[in-house]
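Chains as they are written, first to last, in our numbering: chain A, 460 to 788; chain W, 460 to 788.
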């Protein structure tokens with residue numbers, strides 16, 4: 460196996476045979492898919508049950524990924540390995556022991572928070588960031604032990620810096636961009652990105668329009684020039700993609716993502732009352748078939764073929780190889 | 460690896476370091492432990508969480524078993540592989556998809572019923588046995604698919620015969636004795652045992668006093684002579700042990716096993732109002748250290764060394780090798 464795989468470290472599509480076929484058409488060998496936003500443990504298990512039906516239904520297209528070697532197996536068999544993750548710690552409820560249970564069931568990433576305060580840390584939409592909680596410190600140690608990656612994509616600044624510091628293993632920000640490129644609340648400060656990458660962590664660049672400079676109108680040159688700047692600041696080996704692709708989802712889903720069961724009034728998150736729905740994707744990244752536009756853009760931005768391959772998936776594969784197994788194994 | 464392992468295919472002790480050390484002292488390499496009687500899915504998961512703590516606490520004594528090879532690993536490393544099972548289908552609730560989830564979490568045996576009617580079949584204490592239900596037929600096919608063994612130890616006659624017939628893979632009666640030896644409600648008819656073993660299934664002989672001729676006073680000669688008779692009737696290759704050892708349990712546990720949450724009045728099961736507690740074990744099988752008394756008794760009953768080894772664990776190991784993986788793998 461000499462070719463480097465393509466990995467997208469965050470998608471939440473309205474899954475269908477069409478989407479799985481587009482993964483194949485785009486040559487995507489590994490995808491980290493969100494299986495929980497606000498779900499409790501039992502509800503999250505129902506989502507795995509649905510994935511088990513898809514794995515049974517489309518064995519020629521997708522299968523469940525557990526280790527980096529499953530990405531290699533996907534390359535060898537022309538399929539896509541699907542890795543589970545949570546955007547909120549709600550599936551572990553208030554129960555330390557569920558961390559290992561979730562890992563056994565296939566979870567490989569868990570955000571310590573979505574946008575709000577969680578039992579573990581503070582989300583980026585809260586007014587005050589009190590850092591990692593008492594339960595959060597225990598959870599980080601347990602996630603380190605079993606091989607469940609700490610993801611701080613939606614977390615607030617102090618919480619993120621503390622998680623990087625507390626974690627004995629490198630963590631990830633699977634889907635966000637640098638704040639210095641586009642000053643969105645969800646994008647990350649230079650300080651966070653330096654601390655993340657210095658500790659061996661990974662950043663997945665987001666293609667969600669609210670995270671892009673000029674939103675839907677952002678062009679691929681701007682996106683790839685930003686990546687070149689990030690490579691200079693943080694080192695190319697810490698960079699990958701986490702597109703945040705929410706393909707084919709109805710707008711009711713983004714409302715649910717933002718509101719779950721916690722808000723009586725509608726929270727618009729990164730949207731507004733006048734534009735509450737999903738934003739339109741830029742025309743150079745509409746779905747899984749468009750990853751070639753990004754690799755072409757990276758070449759144009761001056762990256763070598765090896766660097767392009769690393770950003771398109773090689774770096775995530777190295778990270779997966781180290782991050783998903785129990786500590787010391 | 461030339462030595463045959465010792466396997467006990469049913470225990471429900473009040474687990475402790477003492478019990479795990481006695482498994483080692485008795486040279487027991489594999490134990491099927493009950494982790495659910497009346498628990499729903501979430502409650503069963505709490506029991507796995509407790510087992511995960513024991514695996515972490517006593518790594519030199521026990522570890523979680525998933526395949527027959529884990530019994531071999533136990534032999535090589537002088538430990539005991541622990542295999543999970545349910546005595547009732549309550550952990551799958553009304554949800555087909557939980558069968559695969561439970562298998563992923565480590566479950567390897569599931570009784571279609573405990574003593575009562577379940578959603579899948581009829582238990583041996585019901586007045587009428589209506590056989591395998593509509594959900595039960597779906598569940599059998601799914602258990603066959605994923606490699607979760609159908610156990611009919613507590614099920615009624617017709618349900619058991621139907622399950623044997625419906626299952627595409629051999630099933631098990633992990634802990635019961637022949638009705639022709641001791642006419643207890645829980646012991647199995649000759650017809651059931653013939654159908655079970657002709658289809659490649661396994662019988663684990665129980666050492667629970669209510670299943671023994673003369674109860675606590677049963678002697679090892681009587682027990683082993685019964686096994687010799689069973690070997691003539693059914694073939695030695697289908698026979699093993701499933702002691703039903705409930706060591707160190709307080710009597711409140713047998714009350715809970717019998718009553719769960721289903722009965723306001725106290726059900727005494729195999730006990731009586733005047734003797735509602737756990738019966739006393741016979742003095743030749745008090746705990747895991749006493750398996751040598753049984754292998755000695757089997758020699759006395761005329762079995763060859765190879766046959767003794769097969770009954771003490773070799774037969775269960777062959778069954779484990781075939782039964783625990785997904786169909787067609």
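Where a beta carbon is used, it is the ideal one built from N, C-alpha and C, also for glycine.
Quantities reported herein were computed from a predicted structural model and do not represent experimental measurements.
> Can you list the residues of chain W that residue 563/A reaches, using a CB-CB cut of under 8 Å?
Replying inline: 563, 564 and 565
> Applying the criterion that 16 or more other CB atoms from any shown protein chain within 10 Å of the CB defines a buried residue, is residue 721/A buried or exposed?
Replying inline: exposed
> By how many angstroms is the C-alpha of residue 577/W removed from the C-alpha of residue 463/A?
Replying inline: 52 Å
> Can you list the residues of chain A that residue 781/W reaches, using a CB-CB cut of under 9 Å?
Replying inline: Residues of chain A passing the Cβ test: none, with the nearest at roughly 22 Å.
>> 7 Å is my cut-off, CB to CB: does residue 761/A come that close to chain W?
In response: no
>> Which same chain residues end up closer than 6 Å to residue 741/A when comparing Cβ atoms and leaving out the 5 residues on each side of it in sequence?
In response: 675 and 677
>> Suppose you measure from the CA of residue 460/A to the CA of residue 535/A; what does that come to, to the nearest Å?
In response: Low per-residue confidence applies at residue 460/A: pLDDT is 44, beneath 50, and the placement is therefore not dependable enough to give any value.
> Alpha carbon to alpha carbon, how far is residue 597/A from residue 586/A?
Replying inline: 24 Å
> Is the beta carbon of residue 647/A sitting closer than 7 Å to the one on residue 634/A?
Replying inline: no
> By how many angstroms is the C-alpha of residue 609/W removed from the C-alpha of residue 630/W?
Replying inline: 5 Å
> Which whole-angstrom value describes the C-beta separation of residue 468/A and residue 660/A, a residue pair presumed to lie in contact below a C-beta threshold of 8 Å?
Replying inline: The Cβ separation is near 12 Å, so there is no contact.
> Do residue 651/A and the ligand PLP come close, with the Cβ less than 6 Å from some heavy atom?
Replying inline: The ligand PLP is not part of the structure shown, which contains no ligands of any sort.
> Which stretch, first to last residue, makes up the alpha helix (DSSP H) that contains residue 777/A?
Replying inline: 774-782
>> Within 8 Å, do at least three Cβ pairs link the stretch 546-562 of chain W to the stretch 495-509 of chain A?
In response: yes
> Which same chain residues, not among the five before or five after residue 710/A, have their C-beta less than 8 Å away from its C-beta?
Replying inline: 735, 736 and 737
> Do you know how far the Cα of residue 485/A is from the Cα of residue 752/A?
Replying inline: 10 Å
>> Just to check my reading of the structure: residue 774/A and residue 688/A have Cβ atoms closer than 8 Å, yes? What is that Cβ distance to the nearest angstrom?
In response: About 17 Å separates the two Cβ atoms, so there is no contact after all.
> Using the beta-carbon of each residue, which ones in chain W are nearer than 8 Å to residue 501/A?
Replying inline: 500 and 501
> When the distance is taken between beta carbons, is residue 564/A closer than 7 Å to residue 599/A?
Replying inline: no
> Between the stretch 478-508 of chain A and chain W, which residues of the former have CB atoms less than 8 Å from a CB of the latter, in chain order?
Replying inline: 500, 501, 504, 505, 507 and 508
> Closest Cβ-Cβ distance between residue 511/W and chain A: below 7 Å?
Replying inline: yes
>> Measuring straight from C-alpha to C-alpha, what distance separates residue 473/A and residue 706/A?
In response: 6 Å
> The beta strand (DSSP E) with residue 521/A in it runs from where to where?
Replying inline: 521-523
> Does the Cβ of residue 581/W have 16 or more other Cβ atoms within 10 Å, making it buried, or fewer, making it exposed?
Replying inline: buried
>> Please tell me whether residue 465/A and residue 771/A are closer than 7 Å, where the distance is taken between their beta carbons.
In response: yes
>> In the DSSP output, which residue or residues are listed as bridge partners for residue 516/W?
In response: Answer by DSSP bridge pairing: none, since residue 516/W is not bridged.
>> Quick check on residue 544/W - is its C-beta less than 7 Å from some C-beta in chain A?
In response: no
> If you drop the 5 nearest sequence neighbours on each side, which residues of the same chain put their C-beta closer than 8 Å to that of residue 548/W?
Replying inline: 569, 570, 571, 572, 577, 578, 579 and 598
>> Checking the sheet assignment: what are the DSSP bridge partners for residue 570/W?
In response: 610/W
>> Please list the terminal residues of the continuous beta strand (DSSP E) segment that includes residue 541/A.
In response: 539-545
>> Here's the rule: buried if 16 or more other CB atoms are within 10 angstroms of the residue's CB, otherwise exposed. What is residue 779/A?
In response: buried
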